[in-house]
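Chemist: In our numbering, each number is its position in the sequence shown, counted from 1, plus 64.
Built from N, CA and C at the ideal position, the CB exists for glycine as well.
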Amino acid sequence: EVVLCDGAVRYQMIKRAAERSARIGDGCSIAYRTAEGEPLSEAVLGAATLPWALEVTARRLQVGDVVDVVATGEHALADDDTLDHGASSSRKWRFEVATVKGTAQDKFRLTVEERIEVAQQLRERGNAMLKQGRLLRACDHYERGSGLMDVIEAEDMGMPGSKKDATAVANNRRLRECQQPLLLNWALALMRRKQWHEAERKCSEVLLDIDGACVKALFRRGQCQVQLGNLEDAKKDLLKAR
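1. Can you tell me whether DSSP reads A107 as helix, strand or coil?
2. If distances are taken between C-alpha atoms only, which option among D204, F159, Q184, G211 comes closest to F172?
3. Let me know the alpha helix (DSSP H) ranges lying completely inside the region 239 to 263, each 4 residues or longer, listed in chain order.
4. Assign P245 to buried or exposed, taking buried as 16 or more other Cβ atoms, counted over all protein chains shown, within 10 Å of its Cβ.
5. Going by DSSP, name the residue or residues bridged to W116.
6. Quick one: complete alpha helix (DSSP H) runs, 4+ long, within the region 174 to 237?
7. Going by beta carbon distance, what residues of the same chain come within less than 8 Å of K258, once the five residues before and after it are set aside?
8. From the DSSP output, read off the bridge partner residues of F283.
9. Using CA coordinates, which residue listed in R189, D273, S268 is at the minimum distance from Q287?
10. In chain order, what residues of the same chain lie with their CB nearer than 6 Å to the CB of Y206, ignoring the 5 residues before and after it?
11. Using CA atoms only, rank isn't needed, just tell me which of A305, T136, L254, E178 is closest to D148.
12. Let me check understanding here. Comparing Cα to Cα, which of L174, A99, G71 lies closest to L239?
13. Go to K165, then tell me how far its beta strand (DSSP E) extends in each direction, as first and last residue.
14. Just the C-alpha distance for V279 and T231, rounded to the nearest angstrom, thanks.
15. I need the straight-line Cα distance from L141 to R179, nearest angstrom please.
16. Would you grab the beta carbon distance between A183 and G209 for me? Rounded to a whole angstrom, and I think it's under 8 Å.
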């Protein structure tokens with residue numbers, strides 16, 4: 065049995081593919097079934113229609129693999145589903161990936177424009193999950209979006225002190241501007257989960273790497289510092305945020 069996501073997702077191999085296939089990743093279109101003998105369905109991995117647990121599992125499978133998957137909580141739901149806080153959200157599937165089309169997204173091969181577009185889509189989906197109170201899934205979207213921004217272009221054209229590459233400077237600025245709301249919203253979701261250390265680090269990342277005077281980052285970091293008992297640091301941040 066394979067245990068993922070701190071125990072929220074578990075799967076057991078029932079049938080292993082005879083041959084290895086290309087890597088299954090976000091952006092691939094998969095044909096799959098979730099019960100033995102049922103018709104195939106199609107989904108783009110990383111889109112809103114596939115339950116989160118199946119998305120996580122699919123990234124670890126080969127075409128032709130069949131696994132039993134069990135998921136609880138938010139991991140049992142697709143983004144399109146509605147979380148019922150009063151109901152049990154445990155689900156089971158017999159998950160088979162029959163075919164895969166397309167190539168998995170690779171941030172090292174995407175253009176700056178493509179990375180920004182995907183990151184903005186992930187931020188919007190994270191925001192929707194945040195509004196529903198699905199904090200784990202919101203954090204997942206923000207983390208994946210932010211991760212697309214950490215490949216920056218070389219700005220120095222030669223020796224230290226030489227003229228910088230204006231295009232690289234502009235592209236890196238756009239990446240940082242895209243990453244800032246992802247980090248701030250990620251921090252907010254972490255704060256709602258009372259993960260104060262992690263939230264403080266996201267705010268500090270904004271302040272150290274993007275905008276040292278960002279009011280939201282200062283205010284949220286100050287709130288985290290209060291919860292962590294760092295009252296002097298909290299006072300400094302909150303005064304700067306005024």
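Modeler: Once the coordinates are examined:
1. strand
2. G211
3. none
4. buried
5. W116 pairs with nothing; no bridge assigned.
6. 176 to 196, 199 to 211
7. Q291
8. DSSP, once it has assigned bridges, lists no residue as partnering F283.
9. S268
10. G190, L246, N249, W250
11. T136
12. L174
13. 155 to 165
14. 28 Å
15. 26 Å
16. 4 Å
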